[in-house]
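To convert, note that position 198 of the sequence shown is 197 in numbering that gives the first Met the number 0; the numbers rise steadily by one, no gaps.
We treat Cβ as the ideally placed atom computed from N, Cα and C, and that holds for glycine.
Remarks on the structure that follows.
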Amino acid sequence: MKSFLLGALLLAGAVRDVRAQQYQIPLVDIRSVDPTIIVDLRYASPNNITGRPIYPPGTRALIRPEVAQRLTIAQRFVRRFDCSLKIWDAYRPRDAQLALWKASPKNDFVANPDAGAGSLHSWGLAVDATLADRYGQSMSMPTEFDDFTPAAMWKYTGTNEIIRHHLAMLQTAMRDAGFYGIRSEWWHFTSQDWQQLMPAEEAKRAVQAFSQAEQDQRKL
Ligand SMILES: [Zn+2]
């Protein structure tokens, strides 16, 4: 009985691993594609909602090559205004997504890694980004990263004109480069061709899981 249970557990683990590793995702280091883009991976430091690093030290910001190209377009736009993209998160391994999901105070804001196709971060198809000034300092935005409150909504409803201007610049740059935003997080951007960049059956699972969320999703 014991060995049966152990076998069943091992099998369950194996199935999960097979699914996670079933697809080879081509990834590139964002900084190798555009060294001017600033990277500050918040999950590689304790400065995130879990209060501890989720990524090992030295983790690079990886993303699909097609998405990296879009980021270079957005970066070109904001550099005209002496600003830079600052990447807070990019590719997120499934085990990191699981740690985040378990640690998140509000699980409805973090994708369950075992639901649908999981987070699009785990497919290298989404980034979390803000703007930095010429000194590399984060520019004022509606909220901090991973602020799961109504103030983090895509559409800014505050009265600060500077924040409104900064957010509009970020959203315009990302929209013109081919990203979607989502309603609840101003810093999250999904490559608009994400369905074409996933295996067809996984894209179908994702569409089913996101169908409700997609109704809320706005095209930038
Ligand atoms: Zn995100």
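Problem - Beta-carbon proximity check, ARG75 vs ASP28, cutoff 8 Å - result: Position 76 of the sequence shown, counted from the start, is the residue given in the question as residue 75. Position 29 of the sequence shown, counted from the start, is the residue given in the question as residue 28. Not in contact: ARG75 and ASP28 (Cβ atoms no closer than 8 Å).
Exercise for the section: Write down every uninterrupted run of the alpha helix (DSSP H) in the region 61-122 whose length is 4 residues or greater and which is fully enclosed by it, in chain order. Expected result: 64-78 and 93-102
Handout entry: Nearest to TRP186 (by Cα), restricted to the options TRP193, MET173, PHE209 and ARG204
Key = If you number the sequence shown from 1, residue 186 lands on position 187. Nearest C-alpha to TRP186: MET173.
Exercise for the section: Quick one: using the 10 Å Cβ neighbour count with 16 as the cut-off for buried, is ASP127 buried or exposed? Expected result: Here residue 127 refers to the residue found at position 128 of the sequence shown. Result: buried.
Exercise for the section: Could you tell me whether the region 140-160 touches the region 182-198, using the rule of 3 or more Cβ pairs below 8 Å? Expected result: yes
Handout entry: Which of helix, strand or coil DSSP assigns to ALA125
Key = For this step, residue 125 is matched to residue 126 along the sequence shown. DSSP, reduced to helix, strand and coil, places ALA125 within a strand of the structure shown.
Exercise for the section: Just the C-alpha distance for THR71 and THR49, rounded to the nearest angstrom, thanks. Expected result: Residue mapping note: residue 71 aligns to position 72 of the sequence shown, counting from 1. Residue mapping note: residue 49 aligns to position 50 of the sequence shown, counting from 1. Near 30 Å, if we compare the C-alpha coordinates of THR49 and THR71.
Handout entry: Buried or exposed by the 16-neighbour rule on C-beta atoms within 10 Å, applied to ALA95
Key = Here residue 95 refers to the residue found at position 96 of the sequence shown. Looking at its Cβ environment, which holds 16 or more other Cβ atoms inside 10 Å, ALA95 is buried.
Handout entry: Selection from GLN195, ARG133 and ASN46 that minimises the alpha carbon distance to LEU84
Key = Position 85 of the sequence shown, counted from the first residue, corresponds to residue 84. Of the listed residues, the one whose Cα sits closest to LEU84 is ARG133.
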